[in-house]
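*Asks:* Respectively, the protein sequence lines represent chains V and E. Taking the working numbering, the leading residue of the first sequence gets 1, the next gets one more, and so forth. Taking the working numbering, the leading residue of the second sequence gets 419, the next gets one more, and so forth.
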Amino acid sequence: MTPNPMTPKKMREMLCVPMIGVPMIGVQTIVLAALLSACSGGGYLAPPPLPSTTLPSGAALKPWVAGDQGLSKPEGMALAADGRAWVTLTNLDANYAAAGPGMLAGVVPSTGATTLIDLARSDAGVPPGSDAGVDEHACVNPGAVKSDEGLLLVACGGSYGASTGPGRAVVQVNPVNGSVAHSLAAPGGFQPYSLAGGPTKIWIGDTNTASLASIERSSFALADGADSAHPAIALPCTDAADAYMYVSDLLVDGSDLFALCSAEPDGYIVQLDATTGAVKGSAQLVGATPVAMALLSDGRIAVVNSVDETLALVTRGAAGPTVQRAVYTFAHGAALQDVKARGMFVFTVSSGTNTVQKLDLSQTAQSKMLVGEVNTGDSSYPYNIVPLDDDQAIVSNNGTGVLVGVKFTGSSRDGGAN
Amino acid sequence: MPSPRAQTGRVFSAAALFLVAALRAHGESAATVGAFPSGGGVSDEISGDEVDIPVGAVSRTPSVPTTAIDVERFAGEQTSVAELLAASPGTTVRALGGPLQTATVSLRGASADESLILLDGIPLHGPGGGAFDLSAIPVALISRIVVHRGVLGAQLGAGALGGAIEIVPRAAQAETQVGVRGSFGSFQTAQLAGELSCGASCGALQGVTGAIQLDRTGGGFGYLRSFTPDVAGAPLVQETRQNDDATRLGILVRDETEIAAGTTLDVLALGSLGDRGLPGPIGAFTLRSRSEDQSGIVGARVRRAEGSAVLSARAWAQIDRVVLNGSGDGFSSCASGNDRSCAEQETHSLSARGEVEASFPIGGLQWATATLSGGSDWFAGQGAGVHRRGVGSLALHDEFTLLGGALSLAPAVRLDAIGADLAASPALAISMRPFAGAQTRAVQQGASGQSMPLPASMQSAQPALSTAPLANADTSRGLLELLAPLEFRASAGLSFRAPSFAELYLQQGGTSPNPSLRPERAGSIDVGAAYHTARVTVAGTLFWSRFRDLILYELYPPAREKPFNIGQARVLGAELEALVVLPLGFTAELSWSYLQAIDERPAATETGQKLPYRPPHRLFARAARRGDRLEGFAEAVFSSSMPRNQFGTTSLPSQFTLSCGLGARVVGPLWVDLELKNALDDQTQQDLFQYPLPGLSLSAIARARF
Chain V
1 MTPNPMTPKK MREMLCVPMI GVPMIGVQTI VLAALLSACS GGGYLAPPPL PSTTLPSGAA
61 LKPWVAGDQG LSKPEGMALA ADGRAWVTLT NLDANYAAAG PGMLAGVVPS TGATTLIDLA
121 RSDAGVPPGS DAGVDEHACV NPGAVKSDEG LLLVACGGSY GASTGPGRAV VQVNPVNGSV
181 AHSLAAPGGF QPYSLAGGPT KIWIGDTNTA SLASIERSSF ALADGADSAH PAIALPCTDA
241 ADAYMYVSDL LVDGSDLFAL CSAEPDGYIV QLDATTGAVK GSAQLVGATP VAMALLSDGR
301 IAVVNSVDET LALVTRGAAG PTVQRAVYTF AHGAALQDVK ARGMFVFTVS SGTNTVQKLD
361 LSQTAQSKML VGEVNTGDSS YPYNIVPLDD DQAIVSNNGT GVLVGVKFTG SSRDGGAN
Chain E
419 MPSPRAQTGR VFSAAALFLV AALRAHGESA ATVGAFPSGG GVSDEISGDE VDIPVGAVSR
479 TPSVPTTAID VERFAGEQTS VAELLAASPG TTVRALGGPL QTATVSLRGA SADESLILLD
539 GIPLHGPGGG AFDLSAIPVA LISRIVVHRG VLGAQLGAGA LGGAIEIVPR AAQAETQVGV
599 RGSFGSFQTA QLAGELSCGA SCGALQGVTG AIQLDRTGGG FGYLRSFTPD VAGAPLVQET
659 RQNDDATRLG ILVRDETEIA AGTTLDVLAL GSLGDRGLPG PIGAFTLRSR SEDQSGIVGA
719 RVRRAEGSAV LSARAWAQID RVVLNGSGDG FSSCASGNDR SCAEQETHSL SARGEVEASF
779 PIGGLQWATA TLSGGSDWFA GQGAGVHRRG VGSLALHDEF TLLGGALSLA PAVRLDAIGA
839 DLAASPALAI SMRPFAGAQT RAVQQGASGQ SMPLPASMQS AQPALSTAPL ANADTSRGLL
899 ELLAPLEFRA SAGLSFRAPS FAELYLQQGG TSPNPSLRPE RAGSIDVGAA YHTARVTVAG
959 TLFWSRFRDL ILYELYPPAR EKPFNIGQAR VLGAELEALV VLPLGFTAEL SWSYLQAIDE
1019 RPAATETGQK LPYRPPHRLF ARAARRGDRL EGFAEAVFSS SMPRNQFGTT SLPSQFTLSC
1079 GLGARVVGPL WVDLELKNAL DDQTQQDLFQ YPLPGLSLSA IARARF
């Protein structure tokens, strides 16, 4: 989902600059190693992640009703510049009803040290630990999380099944001090599902329609979608099958914004101007229910389609994108959930088969693309992946509420856990 | 204190016995004149056995492709309704695992929801009105299964878009019979069954039939799986299925009594109780999930002859309760041990109907039937509230013969009102027997003593060779007689399926309801030919169907699915079936189904792709012997590779299963049989949703009837 901040290109852009503002909170070794590796162009080896780190649940997630058992059910994950993996914890109960505020957990992969941030704290200026001015329903059911200019952006979707309701918001988090920097309620009828930070705007994708809203970076106020004079941007995605459609992922690279209109059966990618939201060309079919995309080092975009179990490659162009569909087809029942990239390697997550894969997209023959596959355990339902280096990654398991470390050494069972 | 389940079972049994006793008391005082066999009006085409033609019970599906499967032919086998259906072309059984686990059937590429299951004419539904689980009907309670194929809403009621499967319960025999049966086999699977059919020697109880069957399996079959399915050649690991044990009890009581001159009362009561583990698919095991179900059906039908006409009235009620324990929600989080996710999910449904029907000849060459029915359905489920909808229908069937009985036309139309959904289902069926001689234009003496023509649907069901011996024919007459049983037929129909309560209202197991669903619609045309004698039956059919507004479940982020009227499809197919009765008690049979089920949903990724889980080719072949001392069978089922999704990106490999058995009558009426299923021990077979199927299993069966 996130344009991987740790691809070599991105890492150089991010780290080969003066280290102003880069947090040094017990993960200095990771950051320095990554910095040295990336700047020298050598193969970076991350400290081995722990085999398993249990994410907080229950009372630790501050249930609204004492005794309620909110589950972590991790949904989004991003690697921040400080080396921590930031995971959104939906805090839903077993019936997918919100049990408490949306939470964000920052985990050091090699130690399991966990920081927990309450995303419902509309508390710019409220010191951590204080409940003054807190609306514990301001962020409910958080999903996507993206690294953005040293901060984190989180989309809070609110309760499922309700057409309106509290908790639909975009939250900006400062991972350094663990506070909510900004929190903004979504426009009426809008249910944030995906987001990405652009040059001047933060783009938000809807859960119920193929449309985008935006937030001005400078003021953190609604722009597109704010009111009838500033309507949300409708994506030009064909809906011939009369299917339910939503914006499953957004990605900003340079001056381009890419949006996935996800639907079963037909899902599309749309290329837009990252500043204005102007559409470039037309929407292009990528597959059935595209759910995530990642930027490759050659500038192309890898898209995973959850329902037809394929990976597509997208090439941008001045007149819009072109798509190579079904470049790779996964095993039946994959139920793909995520893709991240590192160079020309992509790391994919199949919750249906409880597996994660590493593919080498520099290969042209599908039979040669699969580098390794790891099983994360029965009923683990892996949901997101973040590569730590070319061979190691951490995976958030939605079913069991844990982060697992995996190592791709070819086919291996039960985690290839470190 | 008895459990609620046990209490419910007792209520069903007590109610059934009370009803039988009450009606019998009335019947005993009535005069006994004539008899109307029961049967609900089924057509018989291929059964391998002599067929009794019910007098006054005109088939509702004349000239429609039909296959009858006589359960008695499989008496020496450990079998189920789902397994028996493999003998019929046009069927695709989907079984979620081993013995006593959920099994549904798809007809002609339609979904399981789109095929009616009728028990003596009473439509059976699964929880919330969805697909019926065939494992809920113990085989010991039934005598025949009749598979009708095509869009048959006009003939059999809304919902029969792929066709209908009529389960014919046991009926009383002329002679008193008692049968017992027991079996034990792999996976700790055991069965005990008993039946009683009261003939003349039963005195006051003549006409009563009772059957009971208790099944139990411990589960735990072995299978092979890959932990890294994307890796070509990755090793397969041996695993053992867990939480797939099951227990089921089925009871049938039936009584046929003549309560007045020319008037017959037929009462039926059936109860079924089940408890089973729900093991879940490979990799998403649900080791704490269980299902309990109780269902009961009570029906009564009165038939009376009035001159040449036959009048009938019937009423029936069906009640179901299903409880899911520990099934979790969405991603089956129950496996993580959270208590709330393992809460019970309970649904109840109740249906009641009344129906009156008149069937009468018109002008000597025509039979007309008018049926009026009405009633109500109730449904209640946790989180779904209580819902009720009225149902009513008016059906008109006609069947008239021309050209001296060689040509039969059977138009039919039915108006169904189901809740707010109102629609008409028209149909027309034509059959022609160009070489039929006078011997096949039988005139049937009616119960009233008047002479009336036999409807063509009954003529075609008769084993023609029994009335047309070849041995003493001259050449030309012999050829005509040889061709006399040849029948050409064609039929067409339009119908619909109303959304089920579950689709409209039930939130369960990761699915959300959609109250704004519309009915699905379908139409079909088929043409075929059949040749039916006492020793040889061959039938072939070509068909074409089209479906609109299909209800499909779609992903509803992040972890739910929701139904929408978004599907369209067309199906082109062919069916071939043959049965030959050989000397020395041998029979050989073959059925082949071809399906080209194409997705027509206007979507770039789907249009033109094959529909998933419909094997393009399915072949069933069986050789069997029934004798006085020895019996045995060998059976092969082949399904070609089929798509596993509607995008053509993944497929399920072809599957071949070989089964065989051998038995002998060891002493008196006692038979002992041994049976091997999946004799090649293929442990890689799967069905829907990555559910593994059992490998080799062995059963020993003992039975006696006296």
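We treat Cβ as the ideally placed atom computed from N, Cα and C, and that holds for glycine.
Ordered along the chain, which non-local residues of its own chain (more than five positions away) have a Cβ less than 6 angstroms from that of E/LEU610?
*Replies:* GLY600, LEU632
*Asks:* Compute the beta-carbon to beta-carbon distance between E/GLY577 and E/GLU532, rounded to the nearest angstrom, for a pair I have assumed lies under 8 angstroms.
*Replies:* 7 angstroms
*Asks:* Tell me the DSSP secondary structure of E/ALA1021 in three-state form.
*Replies:* coil
*Asks:* In chain V, what lies closer than 7 angstroms to E/TYR974 by C-beta?
*Replies:* TYR244
*Asks:* Indicate the three-state DSSP secondary structure (helix, strand or coil) for E/ARG491 in the structure shown.
*Replies:* helix
*Asks:* Find the residues of chain V that neighbour E/PHE965, judging by a C-beta separation of less than 7 angstroms, and give them in chain order.
*Replies:* Chain V residues near E/PHE965: none, gap ~15 angstroms exceeds 7 angstroms.
*Asks:* Counting only Cβ pairs nearer than 9 angstroms, list the residues of chain E close to V/THR329.
*Replies:* THR1067, THR1068
*Asks:* Which residue marks the beginning of the alpha helix (DSSP H) containing E/LEU574, and which one marks its end?
*Replies:* 571-574
*Asks:* Taking only beta-carbon atoms, is V/GLY281 less than 9 angstroms away from chain E?
*Replies:* no
*Asks:* How is V/LYS73 classed by DSSP in three states: helix, strand or coil?
*Replies:* Three-state DSSP puts V/LYS73 in coil, outside helix and strand.
*Asks:* If I'm right that E/LEU537 touches E/ILE585 with Cβ under 8 angstroms, what's the distance once you round it to whole angstroms?
*Replies:* 5 angstroms
*Asks:* Between which two residues does the alpha helix (DSSP H) harbouring E/PHE919 extend?
*Replies:* 919-923 is the span of the alpha helix (DSSP H), which, as asked, contains E/PHE919.
*Asks:* So, at 6 angstroms on beta carbons, what are the nonlocal neighbours of E/ALA910 in its own chain, with the 5 sequence-adjacent residues on each side left out?
*Replies:* LEU846, ILE943
*Asks:* Would DSSP call E/GLY801 helix, strand or coil?
*Replies:* Coil, per DSSP.
*Asks:* Identify which residue in E/VAL569, E/ALA500, E/SER553, E/ARG562 has its Cα closest to the Cα of E/SER843.
*Replies:* E/VAL569
*Asks:* From the DSSP output, which residues share a beta bridge with E/PHE914?
*Replies:* Partner(s): E/ARG939.
*Asks:* Is the stretch 694-703 of chain E close to the stretch 674-682 of chain E, with three or more CB pairs under 8 angstroms?
*Replies:* no
*Asks:* Considering only the beta carbon of each residue, do E/ARG1062 and E/ALA1052 sit closer than 9 angstroms?
*Replies:* no
*Asks:* Whose Cβ in chain E lies nearer than 9 angstroms to the Cβ of V/LEU370?
*Replies:* One finds ASP648, VAL649, ALA650 in chain E with Cβ atoms closer than 9 angstroms to the Cβ of V/LEU370, taken in chain order.
*Asks:* Have a look at V/ALA99 and E/LEU922 and give me their C-alpha separation to the nearest angstrom.
*Replies:* 27 angstroms
*Asks:* Under a three-way DSSP split, which group does V/LYS421 fall into?
*Replies:* Since the displayed chain V opens at 1 and closes at 418, residue 421 of chain V lies outside it and no answer follows.
*Asks:* With which residues is E/SER707 paired in a DSSP beta bridge?
*Replies:* E/SER707 pairs with nothing; no bridge assigned.
*Asks:* Rounded to a whole number of angstroms, what is the C-alpha to C-alpha distance between E/ALA996 and E/ALA505?
*Replies:* For E/ALA996 and E/ALA505, the gap between their C-alpha atoms comes out near 10 angstroms.
*Asks:* Interface residues of chain V around E/GLN631 at Cβ under 9 angstroms?
*Replies:* Result: empty, since nearest Cβ-Cβ is about 35 angstroms, beyond 9 angstroms.
*Asks:* Spell out whether any CB of chain V is found under 9 angstroms from the CB atom of E/ALA1021.
*Replies:* yes
*Asks:* To which residues of the same chain is V/ALA331 closer than 7 angstroms at the C-beta, ignoring the five residues directly before and after it?
*Replies:* THR353
*Asks:* So, helix, strand or coil for V/ALA278, using DSSP?
*Replies:* coil
*Asks:* Among E/GLY991, E/LEU912, E/ILE1016, E/GLU764, which has the Cα closest to the Cα of E/GLN926?
*Replies:* E/GLU764
*Asks:* Counting only C-beta atoms, is E/GLU938 closer than 9 angstroms to chain V at any point?
*Replies:* no
*Asks:* Can you pull out the residues from the stretch 365-398 of chain V whose beta carbon lies closer than 7 angstroms to at least one beta carbon of chain E?
*Replies:* Legend: CB atoms of the stretch 365-398 of chain V lying less than 7 angstroms from CB atoms of chain E belong to residues LEU370, GLU373, ASN375, ASP378, SER379, TYR381, ASN398.
*Asks:* So that I know if they touch, is there some Cβ in chain E lying closer than 9 angstroms to that of V/SER306?
*Replies:* yes
*Asks:* Using DSSP's beta-bridge definition, name the partner residues of E/ARG599.
*Replies:* E/ALA611, E/ARG1121
*Asks:* Identify, in the order they occur along the chain, each residue of the same chain with its Cβ nearer than 8 angstroms to the Cβ of V/LYS368, setting aside the five sequence neighbours on each side.
*Replies:* Cβ neighbours of V/LYS368 beyond the five flanking positions: ASP360.
*Asks:* Please list, in chain order, the chain E residues whose beta carbon lies closer than 9 angstroms to that of V/LEU285.
*Replies:* ALA1022, THR1023
*Asks:* Within a Cβ cutoff of 8 angstroms, which residues of the same chain sit near V/HIS230, ignoring the five residues on either side of it in sequence?
*Replies:* LEU222, ALA223, ASP224
*Asks:* Which ranges does the beta strand (DSSP E) cover as unbroken runs of at least 3 residues, wholly within the stretch 504-586 of chain E, from first to last along the chain?
*Replies:* For the beta strand (DSSP E) assignment, the uninterrupted runs of no fewer than 3 residues enclosed by the stretch 504-586 of chain E are, from N- to C-terminal side, 509-513, 521-525, 533-537, 540-542, 560-567.
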